[in-house]
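Okay, so here's the structure we're looking at.
Residue numbers (the numbering used here): 561 to 953.
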């Protein structure tokens, strides 16, 4: 593929540069992909070693019990391995999915929003070329009208044209080049996504690639509003003589356009920096996972008179009714079995509300029926406001 040059005589400067950069970015990415993981790629052996290590680690996890051989555990691993291997070894799959999604996808969204046929970035660059040419012609006319004298309007118009060129080409072209560089080494990060220790590098690569893919989208959308603001101001320069007020207005409008392009970079960077790809952490999962009810509160749980000020939290965390069930169903391991079976011993503690169950349970010989009836009556009672500092059996 022969790409056009960055600048050609008689061609629009911005649109021509953007087309050349797009062509060279696609060609460079394809060449880099072939040199990495192509038929004679330099990292083909590294790819084989990495896949072998991945399968070996999974096998070791199965042997040691750290991994399970079930559908929920094997399916994500096999899908991740298949997708990474497909995109890392096939340029057709890589260019059809990843390249088109990150490069052509945002441009298509901008074209739909702006109702443009074809590429929205190229249409936006063509409009900017018209404005750039109008400002440059007005600056030349103002310089010729001034003769040998210095002309402030001509200088302001020249600076305005430079800001238009810098604010547009500087954002669009640099973002395309950076995206092409990231996509060129993308297969390496796809393989790094398989391992837990290097998955953070893959997530960083995805964030950076998405950021530079979204920059042209917001540049075109925000720049379209900026061009609409610039068009009537530049249209007033067609009269011939350019006053200082007109030149200053054009310069301010061009400076605002350049500031908006800088704002686009900060906007997209803020969006991608707050993006988290992981669904949750181990702490969040264990926090919501069901677990057994503690038989006794920890040492940090305080009683009403210990002066620590943690009464409300302890009483709400360890409910008195749960303590009642635990105390009523506690069995004594130190007493031998009698005629009615194993007796139940309930420890009397200061401030406890479950000691009323002890005579009934002891009189019944610790039978399961009476214990269950006692627990039921205890649960129907209103819970006490006092907290039990400790229950032991």
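Glycine included, each C-beta is placed from N, C-alpha and C at the ideal position.
This structure is a prediction, so every number in the text was calculated from the model and none was measured.
Kindly indicate which residue of the options has the alpha-carbon position closest to the one of residue i.
i           : options               : result
residue 614 : 634, 663 and 595      : 634
residue 639 : 750, 775, 795 and 770 : 750
residue 637 : 654, 748 and 616      : 616
residue 752 : 641, 584 and 621      : 641
residue 807 : 699, 739 and 603      : 699
residue 647 : 670, 598 and 682      : 598
residue 767 : 649, 746, 702 and 701 : 746
residue 649 : 623, 673 and 601      : 601
residue 771 : 757, 740 and 756      : 740
residue 721 : 626, 832, 612 and 818 : 818
residue 832 : 653, 657, 775 and 718 : 775
residue 805 : 715, 822, 709 and 829 : 715
When the Cα atoms are used, what is the spatial distance from residue i to residue j?
i           : j           : result
residue 728 : residue 743 : 22 Å
residue 893 : residue 759 : Its pLDDT being 38, under 50, residue 893 is placed unreliably in this model, and the coordinates cannot settle the point.
residue 777 : residue 706 : 42 Å
residue 824 : residue 773 : 12 Å
residue 779 : residue 735 : 10 Å
residue 693 : residue 576 : 14 Å
residue 784 : residue 682 : 12 Å
residue 588 : residue 797 : 42 Å
residue 604 : residue 644 : 14 Å
residue 811 : residue 696 : 12 Å
residue 582 : residue 608 : 33 Å
residue 834 : residue 684 : 29 Å
residue 837 : residue 764 : 10 Å
residue 680 : residue 762 : 30 Å
residue 625 : residue 610 : 23 Å
residue 562 : residue 675 : 30 Å
residue 809 : residue 711 : 16 Å
residue 756 : residue 591 : 29 Å
residue 754 : residue 620 : 16 Å
residue 971 : residue 748 : The structure shown does not extend to residue 971, since the chain is modelled only from 561 to 953, so the question has no answer here.
residue 905 : residue 631 : Here residue 905 scores only 48 on pLDDT, less than 50, and its place in the model should not be relied on; the value that follows carries that caveat. Rounded to the nearest angstrom, the two C-alpha atoms are 47 Å apart.
residue 830 : residue 701 : 43 Å
residue 580 : residue 565 : 6 Å
residue 659 : residue 612 : 28 Å
residue 719 : residue 657 : 42 Å
residue 618 : residue 627 : 7 Å
residue 717 : residue 709 : 16 Å
residue 673 : residue 730 : 23 Å
Could you tell me how far apart the beta carbons of residue i and residue j are, in whole angstroms, since I believe they sit closer than 8 Å?
i           : j           : result
residue 724 : residue 782 : Not quite, the Cβ-Cβ distance comes to about 14 Å (not below 8 Å), so this is no contact.
residue 578 : residue 827 : No, residue 578 and residue 827 are not in contact; Cβ-Cβ is about 21 Å, not under 8 Å.
residue 689 : residue 574 : 5 Å
residue 737 : residue 606 : That belief does not hold up - the Cβ atoms of residue 737 and residue 606 are roughly 26 Å apart, past 8 Å.
residue 789 : residue 813 : 6 Å
Less than 8 Å between the C-beta atoms of residue i and residue j, yes or no?
i           : j           : result
residue 651 : residue 593 : yes
residue 726 : residue 791 : no
residue 703 : residue 787 : no
residue 713 : residue 816 : no
residue 769 : residue 596 : no
residue 623 : residue 629 : no
residue 671 : residue 665 : no
Hey, does residue i have any beta-carbon neighbour from chain B nearer than 8 Å?
i           : result
residue 740 : In the structure shown, chain B cannot be found, because there is only a single protein chain.
Q. Which parts of the stretch 738-825 are runs of the alpha helix (DSSP H), unbroken and 4 residues or longer, counting only runs that do not cross its ends?
A. Within the stretch 738-825, the runs of alpha helix (DSSP H) that reach at least 4 residues and sit entirely inside it are, in chain order, 746-752 and 759-795.
*asked:* What ranges does the alpha helix (DSSP H) occupy inside the stretch 578-650, keeping only unbroken runs of at least 4 residues that lie completely in it?
replied: The stretch 578-650 contains, as complete alpha helix (DSSP H) runs of 4+ residues, the segments 604-624 and 631-649 (chain order).
Sequence ranges, alpha helix (DSSP H) only - wholly within the stretch 645-699, length at least 4 = 665-674
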